[in-house]
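Worksheet: one structure, shown below.
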Amino acid sequence: MNTLRPKLTLLDEHPTPLQYLSGLSQELFRELYIKRDDVTPFGGGGGMLRKLEYLLFDAVNSQSDTVVTVGDIRSDHCRLTAAAAAKYGLRSIVISVGNYDGELSGNLLLSSLFGARTVIKKDDGRPEAVQLEETARAVMEQEIAQGHRLYFIPMGGSDATGMLGYYDCAAELDKQAQEQYLQGATVYVPVTTLGTYVGLYCGLKAIGSSLKPVGIAVKPLDEDRLGDYFRQVKETYGFDFDDSDMHIETAYIRKGYGEPDRHVRDAVRLMAGHEGILLDPTSSGKAFAAVLDMIKEKKIKLGRQVIFLHDGSMAGLYEKAHRLKLEKELQDTIQIIP
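Here the sequence shown is numbered in our numbering, starting from 801 and rising by one per residue.
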């Protein structure tokens, strides 16, 4: 049990399942397992709840009345931040950069159902981080001028507080792996904003686990940010280990973050068709497509024990761009009879 910081409770007292993927293991000749953080019991599911348990504790105890976060409107993080804020009686504001097509779908629809106000700045071509920072500052200044007390959550909940969610998860996963005789297995982790991977890495190192965490970048990786982030959490919590064996694969990013990709959709369909488990096409689906590529490339050897962390949800399947592609590709599954 982690005692580094206090937190709220958004998860069940029971661990999320670690399941054997029997169909895919037979087909791919690897021993494949999946950590089901997609089935967390609140707000539509997703691993971001682990981070929000800590972040919302801070928000509530700082007497804030409004939570502000930034991120892609398609992200599980924005949806779950809105849901958690609603549960604890807080207003929520989501700030994003992009081109809104007028359709409320997927995570954006759900964020709105949870009461979030979403501010979308039209993309002007400058770096996303610059536009987000400027827009967030302007929105927050307006809110403060109106008398609101704000708590800011960074993109993906990835700061020294948010990473504790997956620091906790490390002990949970290690115990499950030992019970299923998976010592030494490789854990593949989707990487977007770094907090999930860094938290799991630190948690596994802290308990001396034999599990080996490997990140899979689903958007361009900022190596400097990764190094700075690790140093920040190491200094904050006094960890006595370094990041010398930290490993994030960057060769499988494909198109931009959230952009429809046929190879990713094929991976989503493979998981659904063999195991009845739904991946999202933005993060977990893209990371699983990378695992499939590494198997084909023999980077993941025959007989290897593999754990895939599914920290997403099914909401991304209903985003307009992905849904339209899937609908077109799946039309031949529909039979009309007189």
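Ideal placement from N, C-alpha and C gives every residue a C-beta, glycine not left out.
Worksheet item: Nearest to V868 by alpha carbon, out of L994, D1061, E1035, G915?
Response: For the purposes of this step, residue 868 is identified with residue 68 of the sequence shown, where counting begins at 1. For the residues L994, D1061, E1035, G915, the minimum Cα distance to V868 belongs to G915.
Worksheet item: So what's G1206 in DSSP terms, helix, strand or just coil?
Response: The question about residue 1206 has no answer, for the chain in this structure spans 801 to 1138.
Worksheet item: From S1083 to V1018, what does the alpha carbon distance come to, in whole angstroms?
Response: Position 283 of the sequence shown, counted from the first residue, corresponds to residue 1083. Position 218 of the sequence shown, counted from the first residue, corresponds to residue 1018. Across the structure, S1083 and V1018 are spaced so that their CA atoms are roughly 6 Å apart.
Worksheet entry | Alpha carbon of E1049 to alpha carbon of I1016, nearest angstrom | As a first step, residue 1049 must be located in the sequence shown, where it is residue number 249. As a first step, residue 1016 must be located in the sequence shown, where it is residue number 216. Between E1049 and I1016, the C-alpha separation is close to 5 Å.
Worksheet item: When the Cα atoms are used, what is the spatial distance from D1028 to P954?
Response: Here residue 1028 is taken as the residue at index 228 of the sequence shown, counted from 1. Here residue 954 is taken as the residue at index 154 of the sequence shown, counted from 1. Cα to Cα, the separation comes out at about 15 Å.
Worksheet item: Can you tell me whether A945 is buried or exposed, with buried defined as 16 or more other CB within 10 angstroms of its CB?
Response: Your numbering for residue 945 matches position 145 in the sequence shown. That one is exposed.
Fill in: Whether Y1052 touches D872 by CB criterion (8 Å)
Walking along the sequence shown from the start, residue 1052 turns up at place 252. Walking along the sequence shown from the start, residue 872 turns up at place 72. No, Cβ-Cβ distance for Y1052 and D872 is not below 8 Å.
Worksheet entry | Separation of A1090 from L821, as counted between CA atoms | Position 21 of the sequence shown, counted from the start, is the residue given in the question as residue 821. Position 290 of the sequence shown, counted from the start, is the residue given in the question as residue 1090. Computed Cα separation, rounded: 17 Å.
Discussion item. At the level of alpha carbons, what is the spacing between M801 and A971?
Written reply: Translated into positions along the sequence shown, residue 801 becomes position 1. Translated into positions along the sequence shown, residue 971 becomes position 171. The predicted model places M801 with a pLDDT of 43, which falls under 50 and marks its position as unreliable; any figure quoted below should be read in that light. Those two C-alpha atoms are separated by around 8 Å.
Fill in: Own chain residues within Cβ distance below 7 Å of Y1001, not counting five before or after
Taking the sequence shown and counting its residues from 1, one reaches residue 1001 at position 201. Only P1013, M1046 meet the Cβ criterion.
Discussion item. I believe L852 touches L880 by the beta-carbon criterion, under 8 Å. Please report the beta-carbon distance rounded to the nearest angstrom.
Written reply: For the purposes of this step, residue 852 is taken as residue 52 along the sequence shown, with counting starting at 1. For the purposes of this step, residue 880 is taken as residue 80 along the sequence shown, with counting starting at 1. Indeed they touch by this definition, with Cβ atoms about 6 Å apart.
Discussion item. Relative to the C-alpha of D890, which candidate in F857, G898, K922, I920 has its C-alpha closest?
Written reply: The count along the sequence shown starts at 1 and reaches residue 890 at position 90. Checking the sequence, you will find Leu at residue 890 rather than Asp. For the residues F857, G898, K922, I920, the minimum Cα distance to L890 belongs to F857.
Item to complete: Starting from H1110, follow its DSSP beta bridges and name the residues at the other end.
Response: The sequence position of residue 1110 within the sequence shown is 310, counting from 1. According to DSSP, H1110 bridges with R836.
Worksheet item: Who are the near neighbours of L908 in its chain, counting only those whose CB is closer than 6 Å to its CB and skipping five residues on each side?
Response: Within the sequence shown, residue 908 is the residue found at index 108, counting from 1. So the qualifying residues of the chain are I873.
Practice prompt. Using three-state DSSP, classify E903 as helix, strand or coil.
Written response: Here residue 903 refers to the residue found at position 103 when the sequence shown is read from its first residue. Shown here, E903 sits in coil according to DSSP, grouped into three states, outside any helix or strand.
Fill in: Inter-residue spacing [alpha-carbon to alpha-carbon] between D901 and P927
Residue numbering aside, residue 901 sits at position 101 when the sequence shown is read from its first letter. Residue numbering aside, residue 927 sits at position 127 when the sequence shown is read from its first letter. Distance between the alpha carbons of D901 and P927 is about 21 Å.
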